[in-house]
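Residues in the sequence shown are numbered from 0 upward in steps of one, following numbering that gives the first Met the number 0.
Built from N, CA and C at the ideal position, the CB exists for glycine as well.
These numbers come from a predicted model, not from an experiment.
Everything on this sheet refers to the single structure shown next.
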Amino acid sequence: MTEEKARFFKALGDRTRLTIVGCLLKHDHCACDFSEIAGKDQTTISRHLKILLEAGILRYEKDGRYVIYSLQDDMMKETLEKCGIKKVDSCCPGSLMDADTKKHVVKKNYGKIALGMVQGCGCCDDLSGEEIAGSIGYSNEDISSFSDANLGLGCGNPTALGDIHEGEVVLDLGSGAGFDSFLAARKVGKTGRVIGVDMTAEMLAKARENAEKYGFDNVEFRQGDIEDLPVESGSVDVVMSNCVINLVPDKSRVFREAHRVLKDNGRMYLSDIVLLKDLTPEERSDEKLICACVGGALMKEDYLSIIREAGFTIRIIDEDKDISKRQYSGYPLESLKLELRKG
Ligand SMILES: C[S@@+](CC[C@H](N)C(=O)[O-])C[C@H]1O[C@@H](n2cnc3c(N)ncnc32)[C@H](O)[C@@H]1O
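In structure tokens, the structure reads:
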């Protein structure tokens, strides 16, 4: 025990390592970030990271070609804060988190939600999934039919925004535990098909388990990034998405991909968070705000512009401004509900 403590304090007894830990108190980082932040070459950084790993302060995960470092766990975070170690606020160039780190942070957070380790996305911890779903447009019947798939993560009910017909192919972007996919699957019936795409392995596992539990054989969940859809061009009648695109770094790519996979005259129903007042750079790189669907959101007019640039015509169905008070502690934002048409 004494030896462990000695290793812990020795690991922290260095300016570069304190900088690394301070950055990680703010959010996870790719190994490649630390060189610029600490002003040291990569070999020196690797040596410092090894010491922090051996002291049990850090851990890392491989995410594609990136190695992402984080603090060991929440207890370690608390211990470091109690030791008086401060977050390094200016750790990201321009104070913005890079796209790959942002995706990793989102994946980690939604993985925890899928496993039941955390309740909700962090926007409104005091509300239950049922309460949230009831307030954003789901009927009691929807909620009770698929209660295990409703994790209270949406900001609207895309299947209620327009008609979805029997026999159609529906694609759900960021399908989570499958709530909207199952509602769509009931509408398209046995002759139709629903494909859910999500990048978080734990969410996919939960959605697949739910599909089996609820007896759906017309729903398929695919692992993938909605910036690069694992779906054939021109094969889908309806794309839908519920409170997901705000989490994605390159929103233009998402809309271009949705446009690509839709059949001619295909349509998209979506609800998403947009901002009515811009955030500070610090808010934009705040891990909690990003995962709570706020930090990555665009200003409303910018959001609508990139949709038009992707080739869609837009009909605004509804703008839920009240959601700001109900779920987002008064942040200047709204839930935008849209119908998009290709062609
Ligand atoms: C706020 S939850 C919404 C889940 C679901 N649409 C609902 O309403 O219950 C966001 C989901 O999007 C997924 N997601 C975020 N970014 C993604 C990306 N780039 N590609 C695929 N899935 C992503 C997350 O893993 C998570 O399951």
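Can you tell me the Cα-Cα spacing of Y302 and E80, whole angstroms? Residue mapping note: residue 302 aligns to position 303 of the sequence shown, counting from 1. Residue mapping note: residue 80 aligns to position 81 of the sequence shown, counting from 1. Roughly 37 Å separates the two Cα atoms.
DSSP-derived helix/strand/coil call for M145: Start at 1 with the first residue of the sequence shown, and residue 145 comes out as number 146. For clarity, residue 145 is Phe in the given sequence; the question names Met instead. Correct three-state label for F145: coil.
Whole beta strand (DSSP E) runs in the segment 56 to 121 with 3 or more residues, listed along the chain? 57 to 62, 65 to 70
Tell me the DSSP secondary structure of V238 in three-state form. Locating residue 238 in the sequence shown gives position 239, where the first residue counts as 1. Three-state result, V238: strand.
Does the beta-carbon distance from L337 to L152 come in below 9 Å? Walking along the sequence shown from the start, residue 337 turns up at place 338. Walking along the sequence shown from the start, residue 152 turns up at place 153. Their beta carbons are not under 9 Å apart, which means L337 does not touch L152 by this criterion.
Which class does L150 belong to by DSSP, given the choice of helix, strand or coil? To locate residue 150, count along the sequence shown from 1; it is residue 151. L150: coil per DSSP, three-state reduction.
M202 beta carbon near ligand 1 (any heavy atom closer than 8 Å): For the purposes of this step, residue 202 is taken as residue 203 along the sequence shown, with counting starting at 1. Result yes, Cβ under 8 Å from ligand 1.
Using the beta-carbon count (16 or more within 10 Å), is P157 buried or exposed? Along the sequence shown, read from residue 1 onward, the residue named residue 157 stands at position 158. With 16 or more Cβ atoms within 10 Å of its Cβ, P157 is classed as buried.
Taking the alpha-carbon of L52 as reference, which of L11, N241, C154 has the nearest alpha-carbon? By 1-based counting over the sequence shown, the position of residue 52 is 53. Closest option to L52, Cα to Cα, is L11.
beta-carbon N149 near ligand 1 non-hydrogen atom, thresh 8 Å: Looking up residue 149 in the sequence shown gives position 150. It does: the Cβ of N149 is within 8 Å (strictly closer) of some heavy atom of ligand 1.
Let me check understanding here. Comparing Cα to Cα, which of K9, K86, G294, D317 lies closest to A54? In the sequence shown, residue 54 corresponds to position 55, counting from 1. It is K9.
Checking the sheet assignment: what are the DSSP bridge partners for H28? Stepping through the sequence shown from its first residue, residue 28 is reached at position 29. BP columns for H28 point to Y68.
Have a look at T199, S240, L114 and flag the residue whose alpha-carbon is nearest the alpha-carbon of K102. Translated into the one-based positions of the sequence shown, residue 102 becomes position 103. Among T199, S240, L114, the Cα nearest to that of K102 belongs to T199.
Would the beta-carbon of M198 be found less than 8 Å away from any heavy atom of ligand 1? For the purposes of this step, residue 198 is taken as residue 199 along the sequence shown, with counting starting at 1. Result yes, Cβ under 8 Å from ligand 1.
Of the listed residues T78, Q41, K61, K4, nearest to L21 (C-alpha basis): Here residue 21 is taken as the residue at index 22 of the sequence shown, counted from 1. The sequence as given places Gly at residue 21; Leu does not occur at that position. The candidate whose alpha carbon is nearest that of G21 is T78.
Where does F7 sit, in a helix, a strand or coil, going by DSSP? Along the sequence shown, read from residue 1 onward, the residue named residue 7 stands at position 8. DSSP places F7 in helix when its eight states are reduced to three.
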